[in-house]
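Following: one structure in structure tokens, then a few remarks.
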Amino acid sequence: MYEDRILRSELTNKIISSEQAAALFKDKMVVASSGFTKAGDSKAVLIALAERAKTDPLKITLMTGASLGHGTDGALAAADALSLRLPFQVDPILRKAINNGEVLFIDQHLGETANLLKANNFPTIDIAILEAACILEDGSIIPTTSVGNTASFAALADKIIIEINTTIPLSIRGLHDIFSTGTYPNRPVMPIVAADTRIGRDAIPVNPAKIVGIVITSKTDSPAEIVPPDEATKAIARHLVSFFDNEVKIGHLSKSLLPLQAGIGKVANAVLHGFMDGEFENLTMYSEVLQDSTFDLLDSGKMTFASGSSITVSEAYYDKIMSNLDGYKGKVLLRPQDISNAAEVIRRLGVITINTALECDLYGNVNSTHVAGINMMNGIGGSGDFARNAYLSVFVTTSSAKADAISCIVPMVSHVDHTEHDVDIIVTEQGLADLRGLAPRQRARVIIDNCVHPDYKAGLQDYFERACERGGQTPHILEEALSWHTCLRETGSMKPAVLK
């Protein structure tokens with residue numbers, strides 16, 4: 383009955399239930415799963431494993447491309463089935479377990495995981511769970527809505543379980559570009575010279591002898607939680623669009639700009655929507671995640687091509703895309719994340735990157751992962767892959783949070799993910815700070831003048847002036863540098879520290 387999904391006929395004997403698949407796992411195994419920002423993830427086997435762990439305790443190391451959907455990470459954490467998780471997550475239950483020290487977490491640049499695996503910097507993958515639309519005659523698989531690390535997992539795992547997702551139209555074949563980056567020291571050049579350059583094949587090679595089970599599923603991806611733009615995010619988008627309009631006007635960029643990358647979340651999604659209003663044309667994207675705004679730009683004709691590693695969209699957009707896959711061929715490619723996030727390609731193409739910050743400091747250092755410097759939010763994701771190698775590295779944030787109790791521009795960030803050397807532009811709803819070509823003291827003045835919430839501007843200006851009196855290339859008052867965060871912990875607001 384699955385002859386159109388399993389073209390290598392003898393593999394139909396490997397069809398098993400998700401419970402039978404879950405029984406194959408043992409304590410302390412290293413497990414890999416497809417999935418990148420809730421797209422193309424395991425939808426049956428890992429959930430069955432969490433159920434098994436409730437009565438038959440075991441712990442695994444779990445690695446993926448990025449986050450999983452359907453509450454899978456939370457179910458595994460609640461069942462005490464995770465000992466170590468990497469490289470990214472967004473689940474509130476798992477987040478709590480990580481911050482309580484119950485689950486160890488490796489926060490990793492998403493472009494590095496496959497390379498570290500190939501260099502034997504991690505233990506061997508015992509079992510990989512890979513979602514596919516179908517299995518071809520040679521055993522290779524057609525991925526679904528993401529590629530992520532699936533190709534590397536398939537090559538490196540001792541055993542493989544394939545989840546065939548029957549909700550994915552077979553017409554998805556042709557939407558993927560699978561290319562192996564090889565191993566050190568003989569890694570090949572990635573000959574991508576434009577966002578739409580195709581360099582590989584449409585399927586992921588799999589050794590049929592490794593396949594120990596095939597599980598049939600019929601569940602769609604978890605929908606992205608798309609929040610409509612509010613006044614703050616609209617203002618951020620306007621500031622950024624105005625900046626790019628001026629870059630075009632003075633001849634630094636054409637109306638096509640350069641390939642765009644945007645992180646996930648409401649701010650980045652709103653910023654991409656902002657490009658609908660500018661005088662831009664023939665835009666392209668070289669990114670990780672293709673969101674609702676990407677497809678709005680494609681449908682409008684403003685964007686001609688988008689390259690990513692996953693399609694992570696709202697339910698309405700998911701249905702629209704799945705019913706029109708043929709219409710998006712020639713406009714969309716999904717690649718392995720060690721290619722979508724490759725420094726080599728990002729730098730060659732001159733990608734303009736737009737990522738979200740939790741907080742920035744007055745010199746342009748960015749914290750994108752740790753609340754108050756301690757508690758993990760989600761992870762660095764691919765923002766570091768892109769920021770370090772971008773033509774222009776933009777970070778966006780609102781100027782304040784939690785009803786203005788928190789300033790998102792602080793004297794010193796409580797955790798550093800992106801140093802000032804990798805940050806060109808900071809944008810809040812208050813304005814835009816262009817930091818290119820500025821020394822630290824100049825950067826501070828531009829950030830204070832343009833990006834800080836009015837409730838915190840005088841306090842930050844006072845801190846900076848007193849720090850300058852002490853001197854230094856990057857002036858600070860070390861005994862006060864994190865006082866705003868200390869005040870937040872003690873009172874629930876940064877304002878008392880500013881008003882002293």
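In this note's numbering, the protein residues as written are 383 to 882.
We put the CB at the ideal spot given by N, CA and C, even for glycine.
Because the structure is a prediction, the values reported are computed rather than measured.
Residue i versus residue j - alpha carbon distance
i	j	result
Tyr745	Arg823	7 angstroms
Glu545	Ala510	11 angstroms
Asp423	Asp837	44 angstroms
Lys425	Gly451	8 angstroms
Glu663	Asp540	47 angstroms
Val748	Thr563	30 angstroms
Leu486	Ala457	16 angstroms
Gln812	Ala787	16 angstroms
Ala536	Ala585	12 angstroms
Glu670	Glu613	26 angstroms
Asn481	Phe418	22 angstroms
Arg569	Asn706	36 angstroms
Ala435	Ala460	10 angstroms
Leu774	Asn628	14 angstroms
Ile388	Pro505	31 angstroms
Val412	Ala501	16 angstroms
Ile608	Lys648	6 angstroms
Val776	His858	24 angstroms
Gln643	Glu697	22 angstroms
Ile728	Leu814	24 angstroms
Ile721	Thr686	20 angstroms
Glu484	Thr676	37 angstroms
Lys441	Ala405	13 angstroms
Ser682	Leu672	15 angstroms
Val828	Lys877	22 angstroms
Ala840	Glu862	16 angstroms
Lys713	Ile807	29 angstroms
Enclosing alpha helix (DSSP H) for residue i [first to last residue]
i	result
Phe625	Glu613 to Lys631
Glu401	Ser400 to Ala404
Thr357	With the chain covering 383 to 882 only, the question about residue 357 has no answer from this structure.
Leu881	Lys877 to Leu881
Asp584	It is not in any alpha helix (DSSP H) - Asp584 carries neither H nor E in the DSSP assignment.
Gly712	No alpha helix (DSSP H) holds Gly712; DSSP gives it neither H nor E.
Boundaries (first-last residue) of the beta strand (DSSP E) holding residue i
i	result
Ile598	Ile593 to Thr599
Phe418	Note, Phe418: premise wrong, no beta strand (DSSP E); not H, not E.
Arg852	Counting along the chain, Arg852 falls outside any beta strand (DSSP E), though it belongs to the alpha helix (DSSP H) covering Pro836 to Arg852.
Cys742	Glu741 to Asp743
Arg827	Premise fails: Arg827 lies in the alpha helix (DSSP H), Pro822 to Cys833, not in any beta strand (DSSP E).
Leu557	No beta strand (DSSP E) holds Leu557; DSSP gives it neither H nor E.
Gly813	Gly813 to Asp816
Asn547	Lys541 to Asn547
Ile550	Element bounds for Ile550: n/a, residue is neither H nor E.
Thr780	From DSSP, Thr780 is part of no beta strand (DSSP E); its letter is neither H nor E.
Thr810	Ile807 to Thr810
DSSP beta-bridge partners of residue i
i	result
Pro718	Gly530
Arg735	Reading off the sequence shown, one finds Thr at residue 735, where the question assumed Arg. Gln643 and Ser775, per the DSSP bridge assignment.
Lys408	Lys408 is not bridged to any residue.
Leu486	Leu466
Glu607	Per DSSP, none; premise fails for Glu607.
Met758	His752
Ile791	Cys742
Val413	Leu444 and Ile509
His800	Val748
Ile574	According to DSSP, which records beta bridges pairwise, Ile574 is partnered with nothing at all.
Ile703	Partner(s): none; Ile703 has no beta bridge.
Ile388	Ile517
Ile859	In DSSP, Ile859 forms no bridge with anything.
Residue i vs residue j beta-carbon contact at 9 angstroms
i	j	result
Thr694	Ala577	no
Val653	Ala619	yes
Leu665	Leu639	yes
Tyr710	Leu552	no
Ile429	Ile596	no
Thr526	Ala421	yes
Ser528	Ser624	no
Val733	Ile791	no
Ile542	Val427	no
Leu679	Met658	yes
Pro718	Phe470	no
Contact test: residue i Cβ vs the ligand MN heavy atom, cutoff 8 angstroms
i	result
Leu707	This structure simply doesn't include the ligand MN, nor any ligand for that matter.
_Every unbroken alpha helix (DSSP H) inside the stretch 493-538 [4 residues or more]_ = 495-500 and 532-538
*In the stretch 642-697, which residue ranges form an unbroken alpha helix (DSSP H) of at least 4 residues, counting only runs that do not cross its ends?*
648-656 and 674-682
*Taking only runs that begin and end inside the stretch 416-482, name each unbroken alpha helix (DSSP H) of 4 or more residues, in chain order.*
427-437, 454-460 and 474-481
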